[in-house]
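Comments concern the structure below.
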Amino acid sequence: MAGTTTFLQSITTQVVVPSDLAWQECLNLIPHDFYHLPGYLGLEADRINGVAEAIIVEDGESVFFLPYIIRNCDPIIGDIRAINDDRIYDIVSPYGYPGMLVNESGQNTQFITTALNTIYENWSQRNICSAFLRLHPLLNSYIDPAISDRYDSVDRHAPSERTNLRGEVVICDLTQTLAEIWSQIRSNHRTKINKLKRTGFTVKMGSIEEYFDVFIDIYTETMHRVNATQTYYFTRDYFDRFIKTLGEGVNICVVETAGTAIAACLVTEFNGIVQYHLGGTRTEFLSQSPTTMMLHYIIEWGQQRHNRYLNLGGGLGSNQDSLYHFKSGFSKESKSFATMEVIVNRHLYDRLISLRAESSGMALPLFEQTSFFPVYRLPLA
Numbered sequence: 001m002a003g004t005t006t007f008l009q010s011i012t013t014q015v016v017v018p019s020d021l022a023w024q025e026c027l028n029l030i031p032h033d034f035y036h037l038p039g040y041l042g043l044e045a046d047r048i049n050g051v052a053e054a055i056i057v058e059d060g061e062s063v064f065f066l067p068y069i070i071r072n073c074d075p076i077i078g079d080i081r082a083i084n085d086d087r088i089y090d091i092v093s094p095y096g097y098p099g100m101l102v103n104e105s106g107q108n109t110q111f112i113t114t115a116l117n118t119i120y121e122n123w124s125q126r127n128i129c130s131a132f133l134r135l136h137p138l139l140n141s142y143i144d145p146a147i148s149d150r151y152d153s154v155d156r157h158a159p160s161e162r163t164n165l166r167g168e169v170v171i172c173d174l175t176q177t178l179a180e181i182w183s184q185i186r187s188n189h190r191t192k193i194n195k196l197k198r199t200g201f202t203v204k205m206g207s208i209e210e211y212f213d214v215f216i217d218i219y220t221e222t223m224h225r226v227n228a229t230q231t232y233y234f235t236r237d238y239f240d241r242f243i244k245t246l247g248e249g250v251n252i253c254v255v256e257t258a259g260t261a262i263a264a265c266l267v268t269e270f271n272g273i274v275q276y277h278l279g280g281t282r283t284e285f286l287s288q289s290p291t292t293m294m295l296h297y298i299i300e301w302g303q304q305r306h307n308r309y310l311n312l313g314g315g316l317g318s319n320q321d322s323l324y325h326f327k328s329g330f331s332k333e334s335k336s337f338a339t340m341e342v343i344v345n346r347h348l349y350d351r352l353i354s355l356r357a358e359s360s361g362m363a364l365p366l367f368e369q370t371s372f373f374p375v376y377r378l379p380l381a
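Going by this note's numbering, the first residue of the sequence shown is number 1, and it counts up by one from there.
Structure representation (structure tokens):
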């Protein structure tokens with residue numbers, strides 16, 4: 001599905017796969033996060049049974065880069081070739097906050113709008129009916145939500161899109177001094193950190209070799225305890241490939257007591273952005289809140305390595321719940337997390353909704369009333 005297409009005289013559009021050199025060459029020119037790495041897209045594509053791609057739009061010195069995963073709609077609906085002579089596909093972002101990358105020259109509404117329209121035309125020609133894109137709270141701060149205001153367009157032949165603000169993620173400014181950062185940490189967090197230190201708890205960045213299986217065990221125990229959905233479960237092979245893909249850009253942070261690891265998390269570090277990626281705590285040590293000590297350590301570690309931001313993420317489902325409240329105790333700064341919902345081909349999109357309703361035995365209005373996107377992939381109990 002890769003190739004190069006020219007839609008306008010001055011604009012070129014190149015579709016690349018992870019093995020193409022152009023993918024990494026483009027990343028070398030634009031600040032990015034690990035979500036944009038070809039290896040990460042390939043890993044995520046394998047996890048959800050899709051195909052990893054990225055599309056590069058260039059206009060003079062302006063560059064727009066968007067990574068994504070293409071999914072076949074057949075597993076949801078059935079053999080769609082019976083209603084359409086070819087397969088129908090849709091697009092989803094990989095897990096996390098990937099979004100798009102736009103170099104400094106292209107960070108203006110005119111170029112971004114033109115690039116998106118060019119991408120939608122490319123997708124439409126390839127039978128891609130919709131796209132769900134997760135934006136990066138830091139790298140996509142220049143995206144104006146007004147760009148995506150065509151969701152209710154009267155022209156049903158034109159792509160429709162909207163940007164939804166999902167919630168806030170907690171961001172710690174690592175350019176501050178450690179004293180300034182410490183002063184912003186909630187008082188009860190500071191009390192817990194000091195108590196953990198006094199009672200012999202220690203925290204460090206451990207070696208991957210020593211703590212890989214320990215991390216997986218702690219993380220899995222945590223997911224079982226919180227009754228996490230299947231989305232948050234990852235295989236050992238997945239974690240192994242994840243660490244190999246990120247290389248020196250990933251670390252394992254562990255909290256120990258009496259020589260035993262009781263909390264652990266993956267910490268990523270790319271282009272000045274540190275992230276608490278996935279982590280957990282042994283159930284028997286929850287009351288001591290070792291994650292409080294761990295996050296404070298990650299802040300100090302990231303600051304001393306001259307990074308700019310620590311992204312702690314938000315609450316479950318981007319809600320301002322107890323998890324968000326806990327994280328916000330480490331910083332007063334937050335950034336908006338947004339998603340883009342794009343209907344590339346309204347006719348195919350509506351047809352898939354109708355077929356899903358028919359195959360599930362549910363009334364069509366029940367699908368049409370949901371806020372889930374894309375509607376035809378609505379999970380059913």
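By construction, the Cβ of each residue, glycine as well, lies at the ideal position given by its N, Cα and C atoms.
Would you mind reading off the limits of the beta strand (DSSP E) that contains glycine 206? Taking the first residue of the sequence shown as position 1, residue 206 is located at position 206. Start and end: 202-206.
Note down, one range per segment and in chain order, each beta strand (DSSP E) of at least 3 residues found wholly within the region 72-150. Complete beta strand (DSSP E) runs here, min 3: 89-92, 128-134.
Give me the Cβ distance between asparagine 72 and tyrosine 95, rounded to the nearest whole Å; I'm assuming they're in contact under 8 Å. As a working mapping, residue 72 is identified with position 72 in the sequence shown. As a working mapping, residue 95 is identified with position 95 in the sequence shown. About 19 Å; that fails the 8 Å criterion.
For the alpha helix (DSSP H) holding threonine 245, just list the boundary residues, first then last. Walking along the sequence shown from the start, residue 245 turns up at place 245. Taken as a continuous stretch (DSSP letters only), the alpha helix (DSSP H) holding threonine 245 covers 236-246.
Suppose you measure from the CA of glycine 313 to the CA of glycine 99; what does that come to, to the nearest Å? On the sequence shown, residue 313 is found 313 positions in, with the first residue counted as 1. On the sequence shown, residue 99 is found 99 positions in, with the first residue counted as 1. Going from the Cα of glycine 313 to the Cα of glycine 99 covers about 15 Å.
Restricting to runs no shorter than 3 residues, where is the beta strand (DSSP E) found entirely within the region 252-276? Taking only runs of at least 3 residues, the beta strand (DSSP E) segments lying wholly in the region 252-276 are 260-270.
Measuring straight from C-alpha to C-alpha, what distance separates asparagine 122 and proline 75? Position 122 of the sequence shown, counted from the start, is the residue given in the question as residue 122. Position 75 of the sequence shown, counted from the start, is the residue given in the question as residue 75. Roughly 24 Å between the two C-alpha positions.
For proline 379, does the count of other Cβ atoms within 10 angstroms reach 16, so buried, or fall short, so exposed? Here residue 379 refers to the residue found at position 379 of the sequence shown. Counting other Cβ atoms within 10 Å of its Cβ, proline 379 stays below 16 and is therefore classed as exposed.
Beta carbon of valine 320, beta carbon of glutamate 168: below 8 Å? Position 320 of the sequence shown, counted from the first residue, corresponds to residue 320. Position 168 of the sequence shown, counted from the first residue, corresponds to residue 168. Here residue 320 is glutamine; the residue named in the question, valine, does not match the sequence. Taking C-beta atoms as the reference points, glutamine 320 and glutamate 168 count as a pair closer than 8 Å.
Going by other Cβ atoms of all chains shown within 10 Å of its Cβ, with 16 needed for buried, is alanine 86 buried or exposed? Within the sequence shown, numbered from 1, the residue matching residue 86 stands at position 86. It should be noted that the sequence gives aspartate, not alanine, for residue 86. Classified as exposed, aspartate 86 has fewer than 16 neighbouring CB atoms from the shown chains inside 10 Å of its CB.
Limits of the unbroken beta strand (DSSP E) element including isoleucine 55: What you label residue 55 is simply residue 55 of the sequence shown in a count that begins at 1. That run of the beta strand (DSSP E) goes 51-59.
Please list the segments of the alpha helix (DSSP H) lying wholly inside the region 318-370, counting only runs of 4 or more residues, in order along the chain. DSSP runs (the alpha helix (DSSP H)) wholly in the region 318-370: 322-327, 346-360, 364-368.
Inspect the CB distances between the region 281-297 and the region 194-213 and report whether three or more fall short of 8 Å. The answer is yes - the region 194-213 touches the region 281-297, with three or more Cβ pairs under 8 Å.
Give the C-beta separation of threonine 268 and leucine 37 to the nearest angstrom, bearing in mind that I take them to be a contact with Cβ-Cβ under 8 Å. Numbered from 1 along the sequence shown, position 268 holds the residue referred to as residue 268. Numbered from 1 along the sequence shown, position 37 holds the residue referred to as residue 37. With a Cβ gap of about 11 Å, threonine 268 and leucine 37 do not count as contacting.
Does the pairing of the region 228-247 with the region 43-52 give three or more beta-carbon distances under 8 Å? The region 228-247 vs the region 43-52: in contact.
Near lysine 197, which residues of its chain fall below 8 Å by C-beta distance, leaving aside the five closest residues on each side in sequence? Here residue 197 refers to the residue found at position 197 of the sequence shown. Hits under 8 Å: Met293.
What are the boundary residues of the beta strand (DSSP E) that aspartate 173 is part of? By 1-based counting over the sequence shown, the position of residue 173 is 173. First-last of the beta strand (DSSP E) with aspartate 173: 160-173.
Using CA atoms only, rank isn't needed, just tell me which of Leu165, Ile193, Leu178, Cys129 is closest to glutamine 304. One-based indexing of the sequence shown puts residue 304 at position 304. Looking at the Cα atoms, Leu178 is the closest of the given residues.
Assess, as a yes-or-no matter, whether the region 124-144 is touched by the region 328-344 under the definition of 3 or more beta carbon pairs within less than 8 Å. In short, these stretches touch, since the Cβ pair count reaches three.
Drop a sphere of 10 angstroms on the beta-carbon of histidine 224, count the other beta-carbons inside from all chains shown, and report buried for 16 or more, exposed for fewer. The residue given as residue 224 occupies position 224 in the sequence shown. Per the 10 Å Cβ criterion, exposed.
Can you check DSSP and say which residues form a bridge with asparagine 376? Translated into the one-based positions of the sequence shown, residue 376 becomes position 376. What sits at residue 376 in the sequence shown is tyrosine, not asparagine. Looking at the DSSP assignment, tyrosine 376 forms no beta bridge with any residue, so it has no partner.
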